[in-house]
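One structure below.
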Amino acid sequence: MSRLLVIGCGGVAQVAIQKCAQNSKVFTEMCLASRTVSKCDALKDKLEKKGCPVKITTATVNADDVKDLVKLIKEYQPDAVLNVALPYQDLTIMDACLECKVDYIDTANYEPEDTDEPVWRAAYEKRCKEKGFTAYFDYSYQWAYMDKFKEAGITGLLGTGFDPGVTSVFVAYAKKHYFDEINTVDILDCNGGDHGYAFATNFNPEINLREVSANGSYWEDGHWVETKPMEIKREYNFPEVGQKDMYLLHHEEIEALGRNFPEIKRIRFFMTFGQSYLDHMRCLEDVGMLSTTPIKFEGKDIVPIQFLKALLPDPASLGPRTVGKTNIGCIIRGVKDGKEKVIYIYNVCDHQECYKELGSQAISYTTGVPAMIGTSLVLTGQWKKPGVYTTDEFDPDPYMDMLNKFGLPWVVDENPVEVP
Ligand code: NDP
1211 MSRLLVIGCG GVAQVAIQKC AQNSKVFTEM CLASRTVSKC DALKDKLEKK
1261 GCPVKITTAT VNADDVKDLV KLIKEYQPDA VLNVALPYQD LTIMDACLEC
1311 KVDYIDTANY EPEDTDEPVW RAAYEKRCKE KGFTAYFDYS YQWAYMDKFK
1361 EAGITGLLGT GFDPGVTSVF VAYAKKHYFD EINTVDILDC NGGDHGYAFA
1411 TNFNPEINLR EVSANGSYWE DGHWVETKPM EIKREYNFPE VGQKDMYLLH
1461 HEEIEALGRN FPEIKRIRFF MTFGQSYLDH MRCLEDVGML STTPIKFEGK
1511 DIVPIQFLKA LLPDPASLGP RTVGKTNIGC IIRGVKDGKE KVIYIYNVCD
1561 HQECYKELGS QAISYTTGVP AMIGTSLVLT GQWKKPGVYT TDEFDPDPYM
1611 DMLNKFGLPW VVDENPVEVP
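In terms of my numbering, the sequence shown opens at residue 1211 and continues consecutively.
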């Protein structure tokens, strides 16, 4: 029996909420709150028409405003808050949870909306020099809540999407059941889906394009090695998807895994991209459309990447047109009983199957399901531990069981091809 407050009602949220409704033994009441409340109302109607047993209410909230959040949390009195808005809101929602002493769960690492803000910029530049990677996001802002969350007796579960989220659970599971020591991890994110547009992003365009146009980096021998955007390319033949080009990116789970598993000598992250996507992105970047710095246009301030977002298809609308499969997983090399071994743990998800089940494409599906699972494990006490943690810091077994039960079954290949 529990009450959940969900913040955000975009592509990922819509899956997470519908999956919570399928797990109504744990989630008995939900408040769907977002900036545009009509999206919450429409989803409430859809669920109620299907006879959903969960008691659902909706609310408008500005998640950039701690006071507004605190007011809503005090009124609704939830047992946990699931943040599936944007990474920009992570800290304001964490502050509100702290003030109200409520557990907090999210799917993505904090990053600021305005990367030119002077105080943040100075700290960022210092961090780039000290740590050696230039991504706009890092865990320091959220890990800084550790003692405050401990004192308040509340759990903060960070990054329970697929990557990060499931990929980190795969590593913890491999360590628990397959290895005495892990030496290398390659995280592979392959989207073999085709939506028929020349260019569209599968989740929030602003967050997606920022991530993909940034420098790449990987973790090796206890430090970061940074690359130019798309500098390292590999080909891989993905089970059930086929041969794809993939590129090395910086990704947030590398930071957490590097800290929590100091034995791992190298951690890399690769994502597949088609040539059309890369050509469009490069062109948009060259003309300044990926910039987050406001410009004056006909007397108004506009942020180029936000304007671009308004032009691009809404990721939540790609569901009916996307065909094909995703394959996301980890190739892990290590030692068991004195012998070297390699395993590949992965999930394959079919875009059209997701659409038939929930009306969404597989990227939102593969993120929304783990968001529900992480929240459920916090609420049932299995993953409740005061402080702030990533998904690799808990017992992976109940999470892995729920992946099988709630639509993301996984496979362990004990003889995979490795990435050079
Ligand atoms: P969308 O843009 O589709 O949805 C974001 C939602 O948050 C919208 O409903 C939006 O409202 C709402 N929102 C934004 N700002 C505010 C605000 N200030 N106050 C209240 N509500 C707000 O994003 P996605 O669903 O694609 O992504 C959601 C999250 O999932 C992101 O953090 C993303 O980074 C993360 N993600 C994680 C992945 C993983 O594997 N870990 C993979 C993919 C995504 P409105 O409708 O008004 O715009």
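By construction, the Cβ of each residue, glycine as well, lies at the ideal position given by its N, Cα and C atoms.
Non-local beta-carbon contacts of residue 1545 in its own chain, meaning distances under 6 Å to residues more than five positions away in sequence, involve 1390 and 1391 in chain order. In this structure, the beta-carbon distance from residue 1217 to residue 1295 falls below 8 Å. Closest option to residue 1355, judged by alpha-carbon separation, among 1259, 1513 and 1313: 1313. In this structure, the beta-carbon distance from residue 1494 to residue 1410 does not fall below 8 Å. For the 8 Å CB-CB criterion, residue 1619 and residue 1557 form a contact.
Using a cutoff of 7 Å, the CB of residue 1281 does not count as near the ligand NDP, since none of the ligand's heavy atoms is closer than that. Residue 1417 sits in a helix when the DSSP states are folded into three classes. Approximately 18 Å separates the beta-carbon atoms of residue 1467 and residue 1437; this is outside 8 Å, ruling out the contact. Residue environment: residue 1517 is assigned as exposed (fewer than 16 neighbouring CB atoms within 10 Å of its CB, all protein chains considered).
Segment contact: the region 1480-1488 against the region 1440-1460, three or more CB-CB distances shorter than 8 Å; contact assigned. The C-alpha of residue 1305 lies about 7 Å from the C-alpha of residue 1276.
By the beta-carbon neighbour count (other beta carbons within 10 angstroms, threshold 16), residue 1350 is exposed.
Between residue 1369 and residue 1601, the gap from beta carbon to beta carbon is short of 8 Å. Bridge pairing for residue 1533: 1404 [DSSP].
The alpha-carbon of residue 1554 is positioned some 31 Å away from that of residue 1530.
Taken in chain order, the complete beta strand (DSSP E) segments of 3 residues or longer contained in the region 1328-1381 are 1365-1368. In the three-state DSSP reduction, residue 1571 falls in the coil class, being neither helix nor strand. In this structure, residue 1521 has its CB at a distance of at least 7 Å from all heavy atoms of the ligand NDP.
If you draw a straight line from the Cα of residue 1434 to the Cα of residue 1344, it comes to about 10 Å.
Cβ atoms of residue 1372 and residue 1576 come within 8 Å of each other, at about 4 Å. For residue 1261, the closest C-alpha among the options 1396, 1565, 1234 and 1552 is that of 1234.
Residue pairing from DSSP leaves residue 1423 without any beta-bridge partner. Using a cutoff of 7 Å, the CB of residue 1245 counts as near the ligand NDP, since one of the ligand's heavy atoms is closer than that. Taking all protein chains shown into account, residue 1591 has fewer than 16 neighbouring C-beta atoms within 10 Å of its C-beta and is therefore exposed. If only uninterrupted alpha helix (DSSP H) runs of at least 4 residues are considered, those enclosed by the region 1488-1559 are 1514-1521. With a beta-carbon spacing of about 6 Å, residue 1581 and residue 1292 fall inside the 8 Å limit used to define contacts. If you ignore the 5 residues before and after residue 1231, its C-beta comes within less than 6 Å of the C-beta of 1257, 1262 and 1264, all in its own chain and listed in chain order.
Among the bridge pairs identified by DSSP, residue 1243 is matched with 1217 and 1269. Residue pairing from DSSP places residue 1445 in a beta bridge opposite 1455.
With contacts defined by Cβ atoms closer than 8 Å, residue 1214 and residue 1332 do not form a contacting pair.
A distance criterion of 7 Å places the beta-carbon of residue 1297 in contact range of the ligand NDP, judged by its closest non-hydrogen atom. Cβ contact annotation for residue 1404 (same chain, cutoff 8 Å, sequence separation greater than five): 1532, 1533 and 1534, in chain order. Out of 1449, 1479 and 1475, the CA that lies nearest to the CA of residue 1463 is found in 1479. Checking the 7 Å criterion, the Cβ of residue 1574 is within range of a heavy atom belonging to the ligand NDP. Residue 1290 has 1214 and 1313 as its beta-bridge partners, per DSSP.
Residue 1444 is positioned such that its CB atom lies no closer than 8 Å to that of residue 1598.
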